[in-house]
Amino acid sequence: MINMIIQINLIAQQVSMADTLRSEGKIYVVVIIFLLILLALFYYMFRIEKKIDKIEQNKK
Amino acid sequence: MKWIKIICVFLLVYVTIAGFLFDVPALPILNEAIRVLFFHVPMWFTMIFLLFISAINSYYYISKGRINYDIKSNEYANVGVFFGMLGIISGMLWAKFTWGTYWTNDPKLNGSALGLLIYFSYFVLRGSVKDELKKAKISSVYNIFAFAMLIPLIFILPRMTDSLHPGNGGNPGFNVYDMNSQLRVVFYPSVIGFILFGIWITNIRVRIKFLNK
């Protein structure tokens, strides 16, 4: 078990990750754009809900 | 309901930030694709959760006979299957870049595809019966059996044989190598966030159905 963990750690040191993207700081652009889309979608959901609220009140 | 939405928004915003920026274990073959775990697996958790609620609502419809339970059960199944589709598509893309192919005849993959097909025929069944009460009764019974079939297809059968998919082939759940604490701090909030999101969407759909009644 310990042997396996050491082996995995050894492999891990050679694995290439997206370090360039991170060092250039471009990853923050990705995150900000994704957040913008997500928040816009949530805003849209809340607006749809408000419309349903209105229709429900009119029906009562 | 209001708190569900607020918690959902916070969790999913946290998951997008943490999912892209937090440190993840560097593993061969997977590389950065390990981050797909934060988005692919919660899809399936959400599907199972929503389909479970759908089956419970079907049970309530059969025992209490109120049509509202049937409407709820139908919408939960709808949204649940939608999340299942997202899960299968994201899984296929992930497989292409780690296993080298979109689809293998792996028991986990075939099981989940079969499970979705069972639910597709649930919608066909619903669409083919005109009488409202008959439709509600038949589809409720079918829905309970569909969920009972889904569990062995997704969770039991893949564990009894060998499987490429992590968490299968004799390993119950996620073991030490599949998931460490670095992943868990993003993974569990993601699961809860997406489940709440699924409940939110279903709630909107149910309200629209009630208005049309």
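Chains as they are written, first to last, in this note's numbering: chain A, 517 to 576; chain B, 953 to 1165. Just so you know, even glycine gets a beta-carbon here, dropped at the ideal spot from N, CA and C.
Task: Contiguous beta strand (DSSP E) assignments of at least 3 residues, all confined to the stretch 1084-1163 of chain B - done: none
TODO: Tell me whether Ala978(B) is buried or exposed, calling it buried when 16 or more other Cβ atoms sit within 10 Å of its Cβ.
DONE: Here residue 978(B) refers to the residue found at position 26 of the second sequence. When all chains shown are included, Ala978(B) counts as buried.
Task: Closest Cα partner of Phe1035(B) within the set Thr1154(B), Tyr1021(B), Asn1009(B) - done: Here residue 1035(B) is taken as the residue at index 83 of the second sequence, counted from 1. Of Thr1154(B), Tyr1021(B), Asn1009(B), the residue nearest in Cα terms is Thr1154(B).
Task: Cβ contact check for the stretch 1138-1155 of chain B and the stretch 994-1007 of chain B: 3 or more pairs under 8 Å - done: yes
Task: Closest Cα partner of Asn1030(B) within the set Ile1151(B), Asn1164(B), Gly1119(B), Val1138(B) - done: Along the second sequence, read from residue 1 onward, the residue named residue 1030(B) stands at position 78. Residue Ile1151(B) is the option with its Cα nearest to Asn1030(B).
Task: Members of the stretch 962-987 of chain B that neighbour chain A once the beta carbon cut-off is set at 7 Å - done: Leu964, Val965, Thr968, Ile969, Phe972, Leu973, Pro977, Ala978, Leu979, Pro980, Asn983, Glu984
- [ ] Count the other CB atoms, across all protein chains shown, that sit within 10 Å of the CB of Gly1052(B); report buried if there are 16 or more and exposed otherwise.
- [x] Taking the second sequence and counting its residues from 1, one reaches residue 1052(B) at position 100. Looking at its Cβ environment, which holds fewer than 16 other Cβ atoms inside 10 Å, Gly1052(B) is exposed.
Open item on the list: Looking at the secondary structure, which residues open and close the alpha helix (DSSP H) in which Phe1004(B) lies?
Closed with: By one-based count along the second sequence, residue 1004(B) stands at place 52. According to the DSSP assignment, Phe1004(B) belongs to the alpha helix (DSSP H) that extends over 989-1016.
- [ ] Would you mind telling me which residues of chain B sit closer than 7 Å to Lys576(A), beta carbon to beta carbon, in chain order?
- [x] Taking the first sequence and counting its residues from 1, one reaches residue 576(A) at position 60. Listed along chain B is no residue with a C-beta nearer than 7 Å to that of Lys576(A); the closest approach is about 11 Å.
Task: Best match in Met953(B), Ile958(B), Leu963(B), Met1101(B) for proximity to Tyr1140(B) [C-alpha to C-alpha] - done: Here residue 1140(B) refers to the residue found at position 188 when the second sequence is read from its first residue. Out of Met953(B), Ile958(B), Leu963(B), Met1101(B), Leu963(B) has the C-alpha closest to the C-alpha of Tyr1140(B).
Open item on the list: Is it buried or exposed, Pro980(B), if we count other Cβ atoms within 10 angstroms and call 16 or more buried?
Closed with: By 1-based counting over the second sequence, the position of residue 980(B) is 28. Per the 10 Å Cβ criterion, exposed.
Open item on the list: Judging by CA-CA distance, which residue of Ile1096(B), Pro1118(B), Leu973(B) is the nearest neighbour of Pro1059(B)?
Closed with: To locate residue 1059(B), count along the second sequence from 1; it is residue 107. Comparing Cα-Cα distances from Pro1059(B) to each of Ile1096(B), Pro1118(B), Leu973(B), the minimum goes to Pro1118(B).
- [ ] Keeping to the same chain, check which residues put their C-beta closer than 7 Å to that of Tyr966(B); ignore five residues upstream and five downstream.
- [x] Here residue 966(B) refers to the residue found at position 14 when the second sequence is read from its first residue. Result list for Tyr966(B): Pro1141, in chain order.
Task: Under 8 Å between C-beta atoms of Ser1092(B) and Ile1008(B) - done: Looking up residue 1092(B) in the second sequence gives position 140. Looking up residue 1008(B) in the second sequence gives position 56. No, these two residues do not count as a Cβ contact at 8 Å.
TODO: Following the continuous alpha helix (DSSP H) through Glu565(A), name the residue where it begins and the one where it ends.
DONE: For the purposes of this step, residue 565(A) is taken as the residue at position 49 of the first sequence. That run of the alpha helix (DSSP H) goes 542-575.
- [ ] Could you work out which residues of chain B lie near Ala556(A), taking near to mean beta carbons separated by less than 9 Å?
- [x] Indexing the first sequence from 1 puts residue 556(A) at position 40. Neighbours of Ala556(A) on chain B: none; closest Cβ ~12 Å, over 9 Å.
TODO: For my contact list, Phe558(A) and Val961(B) are in at a C-beta cut-off of 8 Å; report their separation, rounded to the angstrom.
DONE: Against the first sequence, residue 558(A) aligns to sequence position 42. Against the second sequence, residue 961(B) aligns to sequence position 9. At roughly 5 Å, the Cβ-Cβ gap stays under 8 Å, so Phe558(A) and Val961(B) are in contact.
Open item on the list: 8 Å is my cut-off, CB to CB: does Leu1077(B) come that close to chain A?
Closed with: As a working mapping, residue 1077(B) is identified with position 125 in the second sequence. With 8 Å as the cut-off, Leu1077(B) does not count as an interface residue toward chain A.
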